[in-house]
Amino acid sequence: MTDTVIEKTVFLAANKPDVWAFLTDAKKLGQWFHPAQADLAEGEDYLLTSQKDGDRMCWGTVEKADPHDYLRWSFTVGPMQGSMSTVEWRLEDVPGGTRLSLTHSGLPQGSEGFGLVIALDKGWHGFLLNLHNLHG
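Okay, so the sequence shown: first residue is 1 according to this note's numbering, each after it adds one.
The structure is reproduced here in structure tokens:
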């Protein structure tokens, strides 16, 4: 069986440092994804909460941060029941802005976890659209 992986790419009319800030700055994360308790930094745990009621939405650890180029988080949500997955962000200069690529791996395998994979895929699609709308 092959690994289930979500891959997304969006082109943003912003330079890499600006895009990086939207991936790591607590306030900017809340503009397109979920608010963070603190800025995301390598080696630090993070918690992203609901904008509506402050409930815990997703959490993990920032495993690697190469500013403006690469960011990797361990990542989980409630329905994963404590299982960790990996979210990787790659930023590349392109004429006029930045190509931001997301790879979400370590997802549930098999038909029993497929509903969660669909929900995560839909979520990432919507969140990246939010980010695109900020930097269209």
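By construction, the Cβ of each residue, glycine as well, lies at the ideal position given by its N, Cα and C atoms.
These numbers were taken from a predicted model, which means no experiment stands behind them.
By how many angstroms is the C-alpha of residue j removed from the C-alpha of residue i?
i	j	result
residue 90	residue 124	15 Å
residue 3	residue 86	12 Å
residue 28	residue 39	9 Å
residue 132	residue 32	9 Å
residue 1	residue 126	In this prediction, residue 1 has a pLDDT of 46, which is less than 50 and means its spatial position is unreliable; nothing more can be read from the coordinates.
residue 100	residue 112	30 Å
residue 50	residue 34	6 Å
residue 47	residue 15	26 Å
residue 103	residue 8	7 Å
residue 6	residue 121	6 Å
residue 105	residue 74	10 Å
State buried or exposed for residue i, treating a residue as buried only when at least 16 other CB atoms are found within 10 Å of its CB.
i	result
residue 78	exposed
residue 56	exposed
residue 119	exposed
residue 36	buried
residue 94	exposed
Within a Cβ cutoff of 6 Å, which residues of the same chain sit near residue i, ignoring the five residues on either side of it in sequence?
i	result
residue 44	62
residue 71	23, 65 and 89
residue 26	36, 38 and 39
residue 135	12, 13 and 14
For residue i, which residues from the same chain have a beta carbon less than 8 Å from its beta carbon, with the 5 sequence-adjacent residues on both sides left out?
i	result
residue 108	4, 80, 83, 114, 116 and 117
Heavy atom of the ligand SAM less than 7 Å from the Cβ of residue i, yes or no?
i	result
residue 46	In the structure on display, the ligand SAM does not appear, and there are no ligands present to speak of.
Spatial neighbours of residue i within its chain, please: C-beta separation below 7 Å, excluding the five flanking residues on both sides.
i	result
residue 20	67, 68 and 91
residue 76	58, 59, 60, 82, 83, 84 and 85
residue 130	32
Under the three-state reduction of DSSP, which class applies to residue i: helix, strand or coil?
i	result
residue 117	helix
residue 64	strand
residue 45	strand
residue 11	strand
residue 21	helix
residue 36	strand
> Hey, which unbroken runs of the beta strand (DSSP E) at 3 residues or more fall wholly within the stretch 66–105?
Replying inline: 70–77, 85–94 and 97–105
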